[in-house]
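Data block below; observations after.
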Amino acid sequence: FAGYISQVLKNYSDHACDGEYVSLRCPHRTTISIQSSFYGRIVPSHQLCPSRYPHSYATLIKEDVACSVGTSLQKMLDECQDRRSCQFLVNSRLFGMDPCPGTGKYLLVWYKCRPNEYKSKVACEDDKLRLSCKKSMVIAIYSAIFGRTQGGSLECPYQNLGMPMI
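Mind the numbering: the sequence shown is residues 124 to 289 in this note's numbering, read in order.
Printed below as a string of structure tokens:
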């Protein structure tokens, strides 16, 4: 059981070069939660995904190491988010326009495995929050934030913080 919990709370990453398959998998009762993604090239090919061209040809072309696609995260969300596993062939057509033709690219993806069933709790500032579960269950905190959500959720009312009213 402890091994299962560590798999669920773990951060995963994977990569695939152009022409290779990327494969993401999560344990039973969990689904993929994409955290971040990158498609392009930011390191030379001798460090990651070597060129498939003969060395003499590869030296003739200038490799672009400042190349990325802005659609990478959305494409990964479309392909894999909330699934138990996903696999697909990595190539520039998948991500739309090729930002650096002639340069071999790769996909880097970071993800977590989120429980299929989970509960969320909210506590406002200075409130106490009590978490409990059944005897056969274990509490595993997937994420926690302090402050307002990005969308400015109004779950906690604004309080007068001792500032004078005008």
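The C-beta atom is built at its ideal place from N, Cα and C for all residues, glycine as well. Since the model is a prediction, treat every value here as computed from it, not as a measurement.
Kindly indicate the opening and closing residues of the beta strand (DSSP E) around residue i.
i: Lys198; result: Element bounds for Lys198: not the beta strand (DSSP E) but the alpha helix (DSSP H), Ser195 to Cys203.
i: Asn134; result: Asn134 to Cys140
i: Gln210; result: Ser208 to Leu212
Are the CB atoms of residue i and residue j nearer to each other than 8 Å?
i: Thr194; j: Gly219; result: yes
i: Leu196; j: Ser159; result: yes
i: Leu171; j: Tyr229; result: yes
i: Cys236; j: Thr153; result: yes
Can you grab the Cα-Cα spacing for the pair residue i / residue j, in whole Å?
i: Ser156; j: Gln204; result: 6 Å
i: Val213; j: Met199; result: 11 Å
i: Asp137; j: Arg206; result: 16 Å
i: Phe211; j: Ser243; result: 32 Å
i: Leu231; j: Ser191; result: 11 Å
i: Lys168; j: Gly227; result: Sequence check: residue 168 is Ser here, not Lys. Roughly 8 Å between the two C-alpha positions.
i: Ala181; j: Val166; result: The pLDDT assigned to Ala181 is 47, lower than 50, so where the model puts this residue is not dependable; a value taken from the coordinates is nonetheless given after this. Looking at the two C-alpha atoms, the distance is approximately 15 Å.
i: Gly142; j: Asn239; result: 32 Å
i: Gly163; j: Cys149; result: 25 Å
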